[in-house]
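Okay, so here's the structure we're looking at.
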Amino acid sequence: MRRLTIGLIALAPTLPAQNYDDFTLVRNRPRGFSSVLQLQLGMHGSFTTDNEVSAIGLEDTTALDGHVYYHNARFSSREAQLDAYAGRDGAFLGLRERKPDGSTSVMELTARYVPFYRDGFYRNGDFIPAGRYEGGDYGAYFGFGSAAGEGMTVEFGPYFRRLSFDENDTTPAGFVLPDDFIAYGVRASAEHNTLQLDRPTGRPLAGFILTLQIEAERNESNGFFGSPSFMSSLPEDLWRSRAHLEWYTPQSGLGTWAIQIDGKWADDRDRVTNSDAQLPIGHRWVEGELGLRFDFGSIAVQPFGTVQWVNALQESGVRNSEDVFFGGGVEMTWDLGDSMSLFADYSYLENRSRAPVSGIEDVLGEHQFYAGVTVRIGGQRL
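Plus 3 on top of the position in the sequence shown (first one is 1) and you've got the numbering used here.
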């Protein structure tokens with residue numbers, strides 16, 4: 004049954020997009036500060052419109068959530084930028100050194116201590132998990148970038164990952180886990196960035212970020228895994244691609260229009276990555292948001308609508324299914340000066356397979372909320 008409701012989801016606009024996925028995808032996001040230490044703590048929750056069914060993960064839950072983030076645009080005596088992030092969704096350490104000729108060298112270390120995986124399919128618009136499990140994902144990337152025009156950069160380099168998998172309380176008895184394996188490959192990114200931030204608040208004011216990324220990967224996985232109705236193995240070579248767009252346009256006397264579009268197109272045999280619960284489940288998907296932000300001094304309110312298209316393998320793994328989901332929300336933040344922000348969070352999407360809200364259990368649900376406080380220490384604005 005299709006439903007469209009409006010809720011709210013809150014972010015801290017003074018330092019946009021502090022999450023593991025954004026750090027590993029967007030290459031040159033403006034931060035608004037030359038250096039800052041940010042601490043965030045709140046209560047995250049998820050609940051379902053339907054009756055709770057623990058066997059398939061439809062449960063109501065709440066959990067403490069938060070992160071620690073440090074940014075320094077002038078790290079050491081070199082022209083280098085340091086970003087260090089640790090949150091429930093993972094940890095990221097990145098060093099980006101700018102050379103006199105305009106080129107850059109990049110080193111990134113990544114860790115996902117408990118990523119959740121949802122191997123499953125969609126039936127009549129409902130996600131049905133065939134096997135849920137967890138694991139670990141640790142990696143390194145070394146890249147080299149250069150300017151390709153005004154506001155445009157390209158980047159290329161090798162990466163390495165070590166993946167492991169474990170059962171949890173939700174894993175069915177008949178589900179076979181993937182074997183632990185290492186993977187390595189090359190990653191190429193292209194980005195066009197004209198984003199402008201409002202200096203007093205750090206909120207996006209105008210311009211856009213467009214990021215395209217593609218990976219060609221070889222893995223050393225062996226053996227078949229999956230449910231009794233669909234067993235498969237990973238091919239030795241895989242590819243995957245991601246895209247991200249943010250576009251902000253000020254509307255005189257009204258507010259700021261905000262468009263965000265994310266997408267993925269990958270090999271349908273890339274079963275492990277396509278089951279990553281942090282993103283929509285499937286080998287092809289597009290999610291778009293259209294919002295209008297109202298700024299009332301230190302308070303920002305942004306209602307938005309969401310459309311999500313997902314293409315995934317069916318239960319037997321032979322054919323694909325396509326589903327479209329709708330949702331909406333409102334972002335709200337109250338900045339109490341440069342050092343603190345309060346926020347609240349509640350959002351809705353028809354697709355009940357949404358990103359986990361807890362680091363210790365993986366549940367499904369159409370509704371999510373988040374409320375808490377962000378504290379910034381030693382912030383120096385650009």
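Cβ atoms here follow ideal geometry from the backbone N, Cα and C, with glycine treated the same way.
| query | result |
| --- | --- |
| Whole angstroms are fine: how far does the CA of residue 287 sit from the CA of residue 158? | 24 Å |
| Give the straight-line distance between the Cα atoms of residue 57 and residue 83, rounded to the nearest whole angstrom. | 48 Å |
| How close, in whole Å, do the beta carbons of residue 307 and residue 332 come, if the pair is a contact with beta carbons under 8 Å? | 6 Å |
| How far does the beta strand (DSSP E) with residue 323 in it extend, from its first residue to its last? | 323-338 |
| Are the stretch 246-256 and the stretch 278-287 touching, with three or more C-beta to C-beta distances below 8 Å? | no |
| Please report the distance separating the alpha-carbon of residue 273 from that of residue 38. | 39 Å |
| Contact check, residue 141 vs residue 114 under 8 Å by CB: the rounded distance? | 5 Å |
| To the nearest angstrom, how far is the alpha carbon of residue 74 from that of residue 42? | 12 Å |
| Judging by CA-CA distance, which residue of 269, 259 and 359 is the nearest neighbour of residue 304? | 259 |
| To the nearest angstrom, report how far apart residue 302 and residue 216 are at their CA atoms. | 34 Å |
| Please work out which residues of its chain come closer than 6 Å, Cβ to Cβ, to residue 375, disregarding the five sequence neighbours upstream and downstream, and give them in chain order. | 44 and 45 |
| If you draw a straight line from the alpha carbon of residue 104 to that of residue 149, how long is it in whole angstroms? | 9 Å |
| How far does the beta strand (DSSP E) with residue 296 in it reach, from first residue to last? | 287-299 |
| Determine the contact status of residue 354 and residue 163, defining contact as a CB-CB distance below 8 Å. | no |
| Answer yes or no: the CB of residue 364 versus the heavy atoms of the ligand ATP, is any distance below 7 Å? | Ligands are entirely absent from the displayed structure, and the ligand ATP is therefore not among its contents. |
| Contact between the stretch 91-106 and the stretch 21-29 is defined here as three or more beta-carbon pairs at a separation below 8 Å; is this criterion met? | yes |
| Mapping the DSSP letters down to three states, classify residue 51 as helix, strand or coil. | coil |
| If we call anything under 8 Å between Cβ atoms a contact, is residue 366 one with residue 60? | yes |
| Could you pull the start and end residues of the beta strand (DSSP E) that residue 378 belongs to? | 370-384 |
| I believe residue 206 touches residue 200 by the beta-carbon criterion, under 8 Å. Please report the beta-carbon distance rounded to the nearest angstrom. | 7 Å |
| What does a CB cutoff of less than 7 Å around residue 195 pick up in its chain, not counting 5 residues either side in sequence? | 154, 155 and 213 |
| What do you reckon, are the CB atoms on residue 360 and residue 89 nearer than 8 Å? | no |
| Please state if the CB of residue 160 and the CB of residue 109 are separated by a distance shorter than 8 Å. | yes |
| Taking a contact to mean a Cβ-Cβ separation below 8 Å, would you say residue 233 touches residue 320 in this structure? | yes |
| Tell me which residues share the same chain as residue 191 and place their Cβ nearer than 6 Å to its Cβ, disregarding the 5 neighbours each side in the sequence. | 159 and 217 |
| Using only the alpha-carbon positions, how far apart do residue 182 and residue 256 sit? | 57 Å |
| Please check the pair residue 294 and residue 261, which I expect to be a contact at CB under 8 Å, by giving their CB distance rounded to whole angstroms. | 4 Å |
| Where does residue 178 sit, in a helix, a strand or coil, going by DSSP? | coil |
| Within 10 angstroms of its Cβ, does residue 325 collect 16 or more other Cβ (buried), or is it exposed? | exposed |
| Exposed or buried, which one is residue 300 when buried takes at least 16 other CB atoms within 10 Å? | exposed |
| Classify residue 11 as buried or exposed, calling it buried when 16 or more other Cβ atoms lie within 10 Å of its own Cβ. | Low local confidence applies: a pLDDT of 34 at residue 11 is under 50, so the model's placement there is unreliable, with the coordinate-based value given in what follows. Buried, because 16 or more other Cβ atoms sit within 10 Å of the Cβ of residue 11. |
| My assumption, with CB atoms under 8 Å, is that residue 187 sits in contact with residue 243. Please give the rounded CB distance. | Not confirmed; about 14 Å, so no contact. |
| Any idea which residues DSSP pairs residue 146 with across the strands? | 109 |
| Taking all protein chains shown into account, decide if residue 30 is buried (16 or more other Cβ within 10 angstroms of its Cβ) or exposed. | buried |
| Can you tell me whether residue 173 is helix, strand or coil according to DSSP? | coil |
| Pull the bridge partners of residue 267 from the DSSP assignment, please. | 245 and 288 |
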